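Asks: Quick one: structure below, then a few questions.
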Ligand code: C2E
Ligand code: CA
Ligand code: CA
Ligand code: CA
């Protein structure tokens, strides 16, 4: 028995060491990954009730030699811990702006792109200067760039970050609260913050064991959002009954595999333009 136990410790150590090494490799590969353009933009459409595409969320993919395509879940956390995330986000935002510039030239300037903003960006980056410089450089309309922030971003240094969000909105950007309902202070936040939209993940319903209760919470959120003139996007829509459920509650904007998975930019344009 003792031998087995020691072996499993050794095995555990081995796994942990492998994981740590892998994380270190990701960090040391970062610079060359940027230089070699290994990070690419995938787009997932956001649609209205009729299924008409209005815009897209930009979701990053890492095309890494040997490893193949890596999903954000494998590297975003690593880059957040090592502080590299802001360089990656800046890069992704620029890719999105380049796309918007191309779309404008193609006469497709009605569509927006929604980008993700890591909570770390609020500390490591001058978000305002970075974004205003980008839209000026690419000559795009700021209201075509949506910024998906999370509650954690505004929890610390709330006053400072709320002021930044106001400044960004005054400049013309649209600000969206991602993963609404995942934290605890969502409802307060809705009152305190000036937002253009919130995103509710269908996961919220899957996670909650009491369907009656979650329906009541959703109804409350949707009513409050309506009163405050905040749009609601339901994401993670996989099935028709989920879509119908949210439509019945008054939601009009959707994103999810039911409509389309995230796809490369050229495929997105082929499908929707
Ligand atoms: P998120 O912002 O909540 O993005 C939505 C995630 O749900 C995406 O995963 C998307 O592919 C996935 N999804 C979309 N529709 C469905 C559906 O119907 N069912 C299910 N089960 N999932 C669906 P993805 O692309 O793997 O990204 C994961 C997370 O990584 C994102 O969650 C976001 O937090 C982060 N992320 C992605 N791109 C970036 C980026 O450029 N910068 C930063 N900082 N974070 C990013
Ligand atoms: Ca998002
Ligand atoms: Ca989300
Ligand atoms: Ca999600």
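Numbering (this note's numbering), first residue to last: 184 to 456.
For glycine and all other residues, C-beta sits at the position ideal for the given N, C-alpha and C.
Fair warning: this is a prediction, and the values are worked out from it, not measured in the lab.
Beta-carbon within less than 7 Å of residue 251's beta-carbon, same chain only, minus the 5 sequence neighbours each way: which residues are those?
Replies: As a working mapping, residue 251 is identified with position 68 in the chain shown. So the list is empty, once near-sequence residues are dropped.
Asks: What does the shell around ligand 3 hold, if a residue joins when its beta-carbon is under 6 Å from any heavy atom?
Replies: 361, 362, 382, 384 and 418
Asks: Using the Cβ count rule (16 or more neighbours within 10 Å means buried), how would you classify residue 376?
Replies: Within the chain shown, residue 376 is the residue found at index 193, counting from 1. Answer is buried; the Cβ neighbour count reaches 16.
Asks: Thinking C-beta only, is residue 378 closer than 9 Å to residue 407?
Replies: As a first step, residue 407 is located in the chain shown; it is residue number 224 there, counting from the start. As a first step, residue 378 is located in the chain shown; it is residue number 195 there, counting from the start. Not closer than 9 Å, so no.
Asks: Taking residue 258 as part of the alpha helix (DSSP H), name the residues at either end of that continuous run.
Replies: For this step, residue 258 is matched to residue 75 along the chain shown. Element bounds for residue 258: 255 to 265.
Asks: Assign residue 360 to one of two classes, buried (16 or more other C-beta atoms within 10 Å of its C-beta) or exposed (fewer than that).
Replies: For the purposes of this step, residue 360 is taken as the residue at position 177 of the chain shown. Buried, because 16 or more other Cβ atoms sit within 10 Å of the Cβ of residue 360.
Asks: For residue 271, I'd like the list of residues in its chain whose CB is within less than 6 Å of its CB, leaving aside the five on either flank, ordered along the chain.
Replies: As a position in the chain shown, residue 271 is number 88, starting the count at 1. For residue 271, where only same-chain residues beyond five positions count, the Cβ hits under 6 Å are 262.
Asks: Would you tell me roughly how many angstroms separate the C-alpha atoms of residue 203 and residue 266, rounded to the nearest one?
Replies: On the chain shown, residue 203 is found 20 positions in, with the first residue counted as 1. On the chain shown, residue 266 is found 83 positions in, with the first residue counted as 1. Residue 203 and residue 266: Cα-Cα distance of roughly 16 Å.
Asks: Can you name the residues that DSSP bridges to residue 295?
Replies: Counting from one through the chain shown, the residue named residue 295 turns up at place 112. In DSSP, residue 295 forms a bridge with 238.
Asks: Taking contact to mean at least 3 C-beta pairs separated by less than 8 Å, is the segment 427 to 443 in contact with the segment 228 to 242?
Replies: yes
Asks: With which residues is residue 156 paired in a DSSP beta bridge?
Replies: Residue coverage of the chain in this structure runs from 184 to 456, which leaves residue 156 outside it and unanswerable.
Asks: What does a CB cutoff of less than 7 Å around residue 430 pick up in its chain, not counting 5 residues either side in sequence?
Replies: Locating residue 430 in the chain shown gives position 247, counting from the first residue. Answer for residue 430: 232, listed in chain order.
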